[in-house]
Amino acid sequence: MPGILITFEGPEGSGKSTQIRLLSEKLKERGIEILCTREPGGTKTGEAIRNILQHDEVGEVLGDRAELLLFTASRAQLMNQMIIPSLDKGVWVLCDRFIDSTMAYQGFARGMDINTLDAVNAFATYERKPDLTILLDLDVEEGFRRLEQRYSEGAETHDRFEREARDFHRRVREGYHKLAEREPERFRILDAADSVDAVASTIWNVVEEAVL
Ligand code: T5A
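Numbers given in the numbering used here equal positions in the sequence shown, counted from 1, plus 35.
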């Protein structure tokens, strides 16, 4: 049996990393082999691209098209090197952001053409789509409150996307809703304002119903 690809999407600070960790623990208890990965990143090439995209490593303003192609280059490498081989071996893949981040951020928030992005995404993913996409929906201000809390406790600071205006992030959130309307069979929208445990429990129910 091929593996299952589950992607996690949502605005900044919506709890994707936290929930991926919890879901992977539960799935492993069921004896399922899991690969947890993220975008941009997940391979050496992808992580190098991540530093350019998020941390201004090169110190140059990135144009929209270069930004798009860097995200999708990271995706193509991750698909080719990790995700497709894992799925083919029956491993389940939990991915923190995927094609829908490109649609929400580069498409709905930056304003790039949606049909172009669909085509570039299809090329980067070898025409594969997630089996299930969990959209952790959260008010933009609440997401940023969580990040402020995290940053106040450590050395991290806001990355390039987190420095975008709140309107940009509101367009991201609205964009996600439009994407979910476009493919209701693939998306499940969850209220990410609940406690970590409550969200984890809802995700478990969704996964049991959709793919277990
Ligand atoms: N991007 C990405 C694009 O523009 N196009 C693309 O194609 C792709 C793939 C990636 C950036 O790149 C952009 C989108 C992003 O801006 P990233 O660092 O991966 O950047 O950013 P995020 O994915 O947003 O990661 P974050 O760490 O910021 O958010 P998460 O993973 O959603 O949230 P998490 O789990 O780290 O939690 C955030 C904080 O909230 C707490 C956690 O403990 C943590 O401190 N928390 C909760 N607090 C209260 N209640 C809950 N239910 C909580 N859940 C978590």
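No residue lacks a Cβ here, since even glycine has one placed at the ideal position from N, Cα and C.
Any heavy atom of the ligand T5A closer than 7 Å to the Cβ of residue 128? no
Would you call the CB atoms of residue 146 and residue 47 closer than 8 Å? no
Counting only runs that start and end within the segment 77 to 148, where is the alpha helix (DSSP H) found for 4 or more residues in a row? 79 to 90, 99 to 113, 119 to 123
When burial is assigned at 16 or more other CB atoms within 10 Å of the CB, is residue 36 buried or exposed? exposed
Contact defined as beta carbons within less than 8 Å: I believe residue 235 pairs with residue 173. What is the distance between those atoms, to the nearest angstrom? Not quite, the Cβ-Cβ distance comes to about 15 Å (not below 8 Å), so this is no contact.
Hey, would you say the C-beta of residue 137 is under 7 Å away from at least one heavy atom of the ligand T5A? yes
Span separating the alpha-carbon of residue 34 from that of residue 106: Missing from the structure shown is residue 34; the chain here goes from 36 to 247 and no further.
Which first and last residues belong to the beta strand (DSSP E) in which residue 44 is found? 40 to 44
How would you label residue 204, buried or exposed, when you count the other beta carbons within 10 angstroms and need 16 or more for buried? buried
Inter-stretch contact (C-beta, 8 Å, three-pair minimum) for the segment 117 to 125 and the segment 175 to 189: no
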